[in-house]
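Chemist:
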Amino acid sequence: MIRIIKPGMYSSIQDSGRSGTERYGQSESGAMNYRAMMLSNKMLDNPLNNPVIEMTVVGPEFEVLDNITIAVFGTEKITLNGSVITTKSYIKLSKGDHVKVGRLLDARGYMAFRGKIISDEAFGSQSTHSQLSSIKALKAGDIIEVDIVNEPRLAKKKMSKYPTVKTYKGKPVIRVILGEDTDHIHNLNVFFKEPYTIKSDSNRMAIKLMGKSIQADNYDIVSDATRLGLIQVTKDGNPMILMNDRQTTGGYLRLGTVAKIDLPVLVDQRLEGNVYFEEVTIEEARSLFMEEMERIEGSYYLP
Amino acid sequence: MIIKEISEDRLVIFQDKHTYTDRQHEVLISLMYKIEDSKLPLLNVNVSYNSVTVQWDIFKVDVETVKKNLLTICESLEDLDIKVTKKNIIEIPVCYDPEFGIDQDKFAVSLEELINRHTEPEYRVYMIGFLPGFMYLGGLDEKLHMKRLVIPRKKIDKGSVGIAGGQTGVYPQIAPGGWNIIGKTPLEMVKEGIPIVNPGDYVKFYSISKDEYWRLYNDKDN
Numbered sequence: 513m514i515r516i517i518k519p520g521m522y523s524s525i526q527d528s529g530r531s532g533t534e535r536y537g538q539s540e541s542g543a544m545n546y547r548a549m550m551l552s553n554k555m556l557d558n559p560l561n562n563p564v565i566e567m568t569v570v571g572p573e574f575e576v577l578d579n580i581t582i583a584v585f586g587t588e589k590i591t592l593n594g595s596v597i598t599t600k601s602y603i604k605l606s607k608g609d610h611v612k613v614g615r616l617l618d619a620r621g622y623m624a625f626r627g628k629i630i631s632d633e634a635f636g637s638q639s640t641h642s643q644l645s646s647i648k649a650l651k652a653g654d655i656i657e658v659d660i661v662n663e664p665r666l667a668k669k670k671m672s673k674y675p676t677v678k679t680y681k682g683k684p685v686i687r688v689i690l691g692e693d694t695d696h697i698h699n700l701n702v703f704f705k706e707p708y709t710i711k712s713d714s715n716r717m718a719i720k721l722m723g724k725s726i727q728a729d730n731y732d733i734v735s736d737a738t739r740l741g742l743i744q745v746t747k748d749g750n751p752m753i754l755m756n757d758r759q760t761t762g763g764y765l766r767l768g769t770v771a772k773i774d775l776p777v778l779v780d781q782r783l784e785g786n787v788y789f790e791e792v793t794i795e796e797a798r799s800l801f802m803e804e805m806e807r808i809e810g811s812y813y814l815p
Numbered sequence: 005m006i007i008k009e010i011s012e013d014r015l016v017i018f019q020d021k022h023t024y025t026d027r028q029h030e031v032l033i034s035l036m037y038k039i040e041d042s043k044l045p046l047l048n049v050n051v052s053y054n055s056v057t058v059q060w061d062i063f064k065v066d067v068e069t070v071k072k073n074l075l076t077i078c079e080s081l082e083d084l085d086i087k088v089t090k091k092n093i094i095e096i097p098v099c100y101d102p103e104f105g106i107d108q109d110k111f112a113v114s115l116e117e118l119i120n121r122h123t124e125p126e127y128r129v130y131m132i133g134f135l136p137g138f139m140y141l142g143g144l145d146e147k148l149h150m151k152r153l154v155i156p157r158k159k160i161d162k163g164s165v166g167i168a169g170g171q172t173g174v175y176p177q178i179a180p181g182g183w184n185i186i187g188k189t190p191l192e193m194v195k196e197g198i199p200i201v202n203p204g205d206y207v208k209f210y211s212i213s214k215d216e217y218w219r220l221y222n223d224k225d226n
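Chains A and B supply the protein sequences, listed in that same order. Take the position in the first sequence, starting the count at 1, then add 512; the result is the number in our numbering. Take the position in the second sequence, starting the count at 1, then add 4; the result is the number in our numbering.
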């Protein structure tokens, strides 16, 4: 068990999300960076889809109430009882320890606990949905209970490889599957050429972008189903990427969909950071994602 | 019917027509249920005004198998002459008291006429979305069409009944929004995460007094 002293900027319990609820008007939620969530569990020999704490920009500060083992992704060091320690491998914590995660390297980080977080479940998932009321984000005073696993003993593990990120002019390149409404867009080439800045009001619902305006003959469509990674263009010509806590329907122009392979890279980008976009076919995006899942589940990143 | 892949794990099935009739929508509803009953490893099946979106588990079955199965289901449907035979009508009580209906003034009709025109139709539920349990309804009386607010309100009460353009609907929870509010329902639109209406159902509003509103509001089993 831990007791949250400060929750950080926005910390919430997330697993791989829920399915089957879109027809009720509820999106999947779940960890935005599926890779970091799964690898943090893998470091602890947990099932890869166990719930973890997703952290945003600044992680939480907490008191340890039972001996537990954690794995932290998204920062290189945390503060344990006033001393700085590395997060390269898992960390054993003792009752009474005081932990401060502090500022993350990038926008998002993940903290897994050996065993399983015990928390409310809805539609088969423990994920918090920022727009719904039944499971809330963490706040000061919250206690997180963990069904602790101690056996068998954990082997020391370190990341043996890191994900590769394609860059252009030093900025990440995010791959995009073309959308249904590109016929209405006059300057699609601009989107695939110019940098776009991640606006600071981006959140778990949407990553909002700012950059060269997308010109279209009509920005409204008949409201239709949305999806994770859907790039909509709003009336001001700015693109907006729908994320895990998105609305399940929308009426804006659909430029494309961020390929799943690049969602972890996208959600890790700092607010106000720049990204570029590149086109990818559905077939290629699908095989890239399936290969990545094999790497995560196999021994590529963590032996 | 046309089947088109839209992402790694989603495809959309749509009719190549730009009209939206209840009969066409009924075909999509039948299609949605038939797809759900299939043996495919599906993650989501959603219906909208003119399409059905299918999300499947790409680690369990390849896209060609999914497409082949869906095509068979579509073909079996085209053989049937689907009609809206039995309407599932959900009745929703609405208190149109001006205290709740804060935007009633904008309408060029009397309160009595507004109530009559709003409670007269059986509205078809085309889809659920935007918020959990929010209904996209068709069939609003033309005299009640009203542009949405230029500046949306930061907070609209749960249960508020509104109009935006040619659409009417109910806010199932507190939310920001730009709809013109004409009344309020005490009914819980979502119970344990599941909306009380489904796409393909019909909704009929009926007018209740303020006393009745509060009686139903305080009755937790409503």
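C-beta: ideal position from N, C-alpha, C; glycine also. Keep in mind that this is a model prediction, so the values were computed, not measured.
Smallest Cα separation from LYS720 (chain A): which of A:GLU692, A:LYS651, A:GLU809, A:LEU754?
Modeler: A:LEU754
Chemist: For THR25 (chain B), does the count of other Cβ atoms within 10 angstroms reach 16, so buried, or fall short, so exposed?
Modeler: exposed
Chemist: Looking only at its own chain, which residues have a Cβ that is under 7 angstroms from the Cβ of GLU540 (chain A), when we skip the five neighbours before and after it?
Modeler: GLY529, ARG530, SER531, LEU740, ASN756
Chemist: For the beta strand (DSSP E) containing ARG620 (chain A), name the first residue and the last one.
Modeler: Going by DSSP, ARG620 (chain A) is part of the beta strand (DSSP E) stretching over 615–625.
Chemist: Which of helix, strand or coil does DSSP assign to ARG687 (chain A)?
Modeler: In this structure, ARG687 (chain A) counts as strand in the three-state DSSP scheme.
Chemist: Does the stretch 50–59 of chain B come close enough to the stretch 8–28 of chain B to have 3 or more Cβ pairs within less than 8 angstroms?
Modeler: Contact annotation: the stretch 50–59 of chain B touches the stretch 8–28 of chain B, with at least three C-beta pairs closer than 8 angstroms.
Chemist: Are the beta-carbon atoms of ILE132 (chain B) and VAL207 (chain B) separated by less than 8 angstroms?
Modeler: With respect to VAL207 (chain B), ILE132 (chain B) sits apart: the two C-beta atoms are not nearer than 8 angstroms.
Chemist: Run the CB neighbour count on THR598 (chain A), radius 10 Å, all protein chains shown included, and call it buried at 16 or more, exposed below.
Modeler: exposed
Chemist: Classify ASP659 (chain A) as helix, strand or coil using the three-state DSSP reduction.
Modeler: strand
Chemist: Taking GLY182 (chain B) and PRO156 (chain B) to be in contact with their CB atoms under 8 angstroms, please state how far apart those CB atoms are, rounded to whole angstroms.
Modeler: 4 angstroms
Chemist: Can you name, in chain order, every residue of its own chain whose Cβ lies under 7 angstroms from the Cβ of ALA652 (chain A), other than the five neighbours on each side?
Modeler: ILE516, ILE517, LYS518, PRO519
Chemist: Where does ASP41 (chain B) land, buried or exposed, given buried means 16+ other C-beta within 10 angstroms?
Modeler: exposed
Chemist: Please report the straight-line C-alpha distance between ASP223 (chain B) and VAL98 (chain B), rounded to a whole angstrom.
Modeler: 15 angstroms
Chemist: Have a look at A:GLU804, A:GLU806, A:GLU796 and flag the residue whose alpha-carbon is nearest the alpha-carbon of VAL67 (chain B).
Modeler: Among A:GLU804, A:GLU806, A:GLU796, the Cα nearest to that of VAL67 (chain B) is on A:GLU796.
Chemist: Do you know whose CA, among A:ARG782, A:GLY763, A:GLN744, A:GLN526, lies nearest ILE630 (chain A)'s CA?
Modeler: A:GLN526
Chemist: Going by alpha carbons, who is nearest to PRO563 (chain A) out of A:GLN538, A:GLU573, A:ALA543, A:GLY810?
Modeler: Considering only alpha carbons, the answer is A:ALA543.
Chemist: In whole angstroms, what separates the C-alpha of CYS78 (chain B) from that of GLU9 (chain B)?
Modeler: Cα to Cα, CYS78 (chain B) sits roughly 16 angstroms from GLU9 (chain B).
Chemist: In chain order, what residues of the stretch 733–756 of chain A put their CB closer than 9 angstroms to some CB of chain B?
Modeler: Here the close residues are VAL734, SER735, ASP736, ALA737, THR738, ARG739, LEU740, GLY741, LEU742.
Chemist: Flag LEU144 (chain B) as yes if its beta-carbon sits less than 8 angstroms from any beta-carbon of chain A, otherwise no.
Modeler: no
Chemist: Cβ closer than 8 angstroms: which chain B residues qualify as neighbours of SER531 (chain A)?
Modeler: LEU47, ASN48, GLN59
Chemist: Chain B partners of TYR536 (chain A), CB-CB under 8 angstroms?
Modeler: Within chain B, the residues near TYR536 (chain A) are ILE132, PRO136, GLY137, VAL194, GLY197, ILE198, PRO199.
Chemist: Leaving out the 5 sequence neighbours to the left and right, which residues in its chain are closer than 7 angstroms to PHE111 (chain B) when beta-carbon positions are compared?
Modeler: Cβ within range, chain order: LEU118, LEU148, MET150.
Chemist: Using a Cβ cut-off of 9 angstroms, pull out every chain A residue sitting near SER52 (chain B), in sequence order please.
Modeler: VAL734, SER735, ASP736, ALA737, THR761
Chemist: On the three-state DSSP scale, how would you describe ASN202 (chain B)?
Modeler: coil
Chemist: Relative to the C-alpha of LYS71 (chain B), which residue among B:GLY142, B:LEU46, B:TYR53, B:LYS90 is closest?
Modeler: With distances taken between Cα atoms, LYS71 (chain B) lies closest to B:LEU46.
Chemist: Which residues in chain B sit within 9 angstroms of GLU692 (chain A), going by Cβ to Cβ distance?
Modeler: LYS8, ILE10, VAL16
Chemist: Does DSSP put ASP732 (chain A) in a helix, in a strand, or in coil?
Modeler: strand
Chemist: So which residues on chain A does TYR100 (chain B) lean against when the C-beta distance must stay under 8 angstroms?
Modeler: Those do not exist, as TYR100 (chain B) stays about 25 angstroms from chain A at its closest Cβ, beyond 8 angstroms.
Chemist: Are VAL688 (chain A) and GLU804 (chain A) close, meaning C-beta to C-beta below 8 angstroms?
Modeler: no
Chemist: Following the continuous beta strand (DSSP E) through GLN28 (chain B), name the residue where it begins and the one where it ends.
Modeler: Per DSSP, GLN28 (chain B) belongs to no beta strand (DSSP E); it is in the alpha helix (DSSP H), 26–40.
Chemist: Please report the residue range of the alpha helix (DSSP H) in which PHE801 (chain A) lies.
Modeler: Per DSSP, PHE801 (chain A) belongs to the alpha helix (DSSP H) from 794–809.
Chemist: As a quick exercise: from B:VAL154, B:LYS214, B:GLY170, pick the residue whose alpha carbon is nearest that of TYR127 (chain B).
Modeler: It is B:GLY170 whose Cα lies nearest to the Cα of TYR127 (chain B).
Chemist: Along the chain, where does the alpha helix (DSSP H) that runs through ASN48 (chain B) open and close?
Modeler: Looking at the DSSP string, ASN48 (chain B) is not in any alpha helix (DSSP H); the run it does join, the beta strand (DSSP E), is 46–51.
Chemist: Any beta-carbon of chain A closer than 8 angstroms to the one on SER114 (chain B)?
Modeler: Residue-level contact check: SER114 (chain B) does not touch chain A, since none of the beta carbons of chain A fall below 8 angstroms from its beta carbon.
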